[in-house]
Amino acid sequence: MGENDPIRKFAVSMAGTKKISTAPNKDDAVAQPSTKKSQYLAAAQANRTFAEIQTNSSKSNRRGWPGTDTTTQLAVFNHKLVVQPNPVGLVAEHFVNIPVKKIPIEVTWLILRGLKNDWIQLVEQECKRTMYRQRKTTNQPKKIRKNNTEEEEDEEEAINQAIEDEGEEEDDE
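Under the numbering used here, the sequence shown has 108 at position 122, and the numbering climbs by one with no breaks.
Below you can see the structure in the form of structure tokens.
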């Protein structure tokens, strides 16, 4: 029986069923998951990599991927976010300083593709610490600056000079 056969139409109407249809086939290579599912997957993968960099650190952050202030939060663990050159136009600005749930679905798909193809990496960076000049640990009192008259300043300078001279004599012995 053909699609337009009158007997078929009659049989279908008498049986009370609708037209026989086939479920649409999804092309898995093209079909994209739902927004919520994509965001959860992106968040889970980002959280996993963020947890990995914390394993060798004495510090920890249990909140997961730092959506806001990302660069600073990663710097706490001496890491930085690097996005390799890629053909889809994925850049670090797509997911830096934005919570995962606020990322648009199209960008989420790009991020998932980047994570899958290892275009997104957390790279360890050199620890940048500023060196502070250490003060002598001798028993010298601290010099205190006040708004004094010239005579008081001269007296203070003389006292401080005498204290420094005593400290140098003790060091020489």
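Built from N, CA and C at the ideal position, the CB exists for glycine as well. These figures come from a predicted structure and were not determined experimentally.
- Item | Length of the line joining the Cα atoms of Leu108 and Arg34 | Whole-angstrom Cα-Cα distance: 11 Å.
- Starting from the N-terminal side, write out each stretch of the beta strand (DSSP E) that is 3 residues or longer and does not extend beyond the region 60 to 98. As far as the region 60 to 98 is concerned, its whole beta strand (DSSP E) runs of at least 3 residues are 65 to 69.
- Task: Since I believe Val62 is in contact with His80 (beta carbons under 8 Å), could you give me their beta-carbon distance rounded to a whole number of angstroms?
- Result: Not confirmed; about 22 Å, so no contact.
- Message: Helix, strand or coil, according to DSSP, for Glu112 in the structure here?
- Response: Residue state, collapsed to three classes: coil.
- Rounded C-alpha distance that separates Lys66 from Gln59: Each residue's Cα considered, the two are about 9 Å apart.
- List the DSSP bridge partners of Ile106. Bridge partners of Ile106: Val69.
- Count the other C-beta atoms from every protein chain shown that fall within 10 angstroms of the C-beta of Ala29, then say buried if there are 16 or more, exposed otherwise. Label assigned to Ala29: buried.
- Is it true that the CB of Val86 sits closer than 8 Å to the CB of Gln25? Yes.
- Task: Report the option in Leu98, Glu138 and Val74 whose CA atom is closest to the CA atom of Lys23.
- Result: Looking at the Cα atoms, Leu98 is the closest of the given residues.
- Message: DSSP three-state label for Thr35, please.
- Response: For Thr35, the three-state secondary structure derived from DSSP is helix.
- Candidates Asp(-9), Ile84 and Thr57: closest to Gln110 by CA position: Looking at the sequence itself, residue 110 is Glu, so the reference to Gln does not match. When Asp(-9), Ile84 and Thr57 are compared, the shortest CA-CA separation from Glu110 is found for Thr57.
- Determine the direct distance from the alpha carbon of Glu142 to that of Val69, and round the result to whole angstroms. The alpha-carbon of Val69 is positioned some 59 Å away from that of Glu142.
- Query: Excluding the five sequence neighbours on either side, which residues of its own chain have a C-beta within less than 6 Å of the C-beta of Asp55, listed in chain order?
  - Reply: Within its own chain, no residue has a Cβ closer than 6 Å to the Cβ of Asp55 once the five positions on either side in sequence are excluded.
- Check Asn(-10) in the structure and name its three-state DSSP category. Three-state DSSP puts Asn(-10) in coil, outside helix and strand.
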